[in-house]
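To start, the structure itself, in structure tokens.
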Amino acid sequence: MQAVKAFVHDLELRRQLTQNLSELKVETQPLGDLKHAAVVLAVTRYRDEAAIIVTRRTHTLRSHTGQWALPGGRIDSGETPVEAALREMREEINLSLDASQIVGTLDDYITRSGYLITPVVVWNDTRWSKLIPNPDEVATISPFSFSELARNDSPLLSDVAGGDSQVLSMHFQDDVIFAPTGALLFQFREVALRGLSTRVLHFDQPRFAWQ
Numbered sequence: 001m002q003a004v005k006a007f008v009h010d011l012e013l014r015r016q017l018t019q020n021l022s023e024l025k026v027e028t029q030p031l032g033d034l035k036h037a038a039v040v041l042a043v044t045r046y047r048d049e050a051a052i053i054v055t056r057r058t059h060t061l062r063s064h065t066g067q068w069a070l071p072g073g074r075i076d077s078g079e080t081p082v083e084a085a086l087r088e089m090r091e092e093i094n095l096s097l098d099a100s101q102i103v104g105t106l107d108d109y110i111t112r113s114g115y116l117i118t119p120v121v122v123w124n125d126t127r128w129s130k131l132i133p134n135p136d137e138v139a140t141i142s143p144f145s146f147s148e149l150a151r152n153d154s155p156l157l158s159d160v161a162g163g164d165s166q167v168l169s170m171h172f173q174d175d176v177i178f179a180p181t182g183a184l185l186f187q188f189r190e191v192a193l194r195g196l197s198t199r200v201l202h203f204d205q206p207r208f209a210w211q
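Here full-length UniProt numbering is used: position 166 in the sequence shown is 166, and no number is missing along the way.
Shown next as structure tokens:
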């Protein structure tokens with residue numbers, strides 16, 4: 001895969017992402033007793049490179065403190081996943097977009113902590129400097145660049161969950177981002193950028209992500 005460097009070709013990039021995502025036969029999952037949540041993979045500009053917005057959760061939250069995440073949260077009664085994703089993004093990082101900026105969706109992902117996550121891909125033209133973390137939820141906002149996304153040493157697969165499935169993580173600078181966030185970033189890379197039909201529901205999360 002050739003990493004997309006410049007937003008001078010933003011229309012071509014958006015067309016590529018939209019086309020590839022439209023060709024994925026999205027796999028949804030039954031909600032059952034799970035809690036429904038939506039997250040956003042926001043394609044944005046950081047300097048002269050395309051990137052996905054990732055956040056670090058604050059240490060004051062009741063769960064998953066300090067972990068890497070995508071903007072998002074639980075779907076309120078009467079909301080669609082897209083509506084919830086856009087609302088949560090606005091509340092968490094001060095980024096307001098509408099449905100016209102939706103590029104597509106990825107497969108539902110079920111977490112060990114009892115959530116069914118619907119990932120929504122959006123296109124963002126807002127400047128990075130306009131993004132402001134909500135201090136009650138977000139410690140930092142970071143760009144997961146497409147160059148970083150394309151690293152040959154990602155994904156990492158390991159047997160550390162104590163189960164039958166492998167745990168997936170993605171290198172991020174000198175750190176790693178584990179599933180579920182890492183799994184969604186990996187599927188975005190494979191589907192939106194490479195045009196593949198890669199599935200990630202079978203990948204597990206490490207114990208610290210769900211205990």
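Even for Gly, the Cβ is constructed at its ideal location relative to N, Cα and C.
Around the Cβ of residue 154, a 10 Å sphere holds 16 or more other Cβ atoms; the residue is buried. Residues of the same chain with a CB within less than 8 angstroms of the CB of residue 37, apart from the 5 flanking positions on each side, are 72, 73, 74, 75, 84, 115, 116, 117, 118 in chain order. DSSP lists no beta-bridge partner residue for residue 194. The alpha-carbon separation between residue 179 and residue 149 amounts to approximately 14 angstroms.
Beta-bridge partners assigned by DSSP to residue 36: 116. Apart from sequence neighbours up to five positions away, the residues of its chain that approach residue 181 with a beta-carbon distance below 6 angstroms are 68, 69, 70, ordered along the chain. Rounded to whole angstroms, residue 139 and residue 81 show a C-alpha spacing of 24 angstroms. In the three-state DSSP reduction, residue 111 falls in the coil class, being neither helix nor strand.
In the three-state reduction of the DSSP assignment, residue 185 falls in the helix class, which pools H, G and I. Around the beta carbon of residue 205, 16 or more other beta carbons lie within 10 angstroms, which makes this residue buried. A straight line joining the alpha-carbon of residue 95 with that of residue 102 spans about 14 angstroms. In the three-state reduction of the DSSP assignment, residue 82 falls in the helix class, which pools H, G and I. By the criterion of a C-beta distance shorter than 7 angstroms, residue 49 is surrounded in its chain by 5, 145, 146, 147, once the five residues flanking it on both sides are discounted.
Contact between residue 107 and residue 200 holds, with the beta-carbon distance rounding to 7 angstroms and staying under 8 angstroms. Counting the other CB atoms within 10 Å of its CB gives residue 19 a total below 16, which places it among the exposed residues. Residue 24 counts as buried, since at least 16 other C-beta atoms from the protein chains shown sit within 10 angstroms of its C-beta. Bounds of the alpha helix (DSSP H) holding residue 148 are 146-149. In the DSSP annotation of this structure, residue 22 is not part of any beta strand (DSSP E); the continuous alpha helix (DSSP H) holding it starts and ends at 10-22. Judged by DSSP secondary structure, residue 53 falls within the beta strand (DSSP E) whose first and last residues are 49-57. By the Cβ neighbour-count rule, residue 187 is buried, with 16 or more other Cβ atoms within 10 Å of its own. The Cβ neighbour count for residue 104, taken over all protein chains shown within 10 Å, is at least 16; the residue is labelled buried. In the structure shown, residue 90 falls within a helical segment according to DSSP collapsed to helix, strand and coil. Beta-bridge analysis with DSSP links residue 171 to 176.
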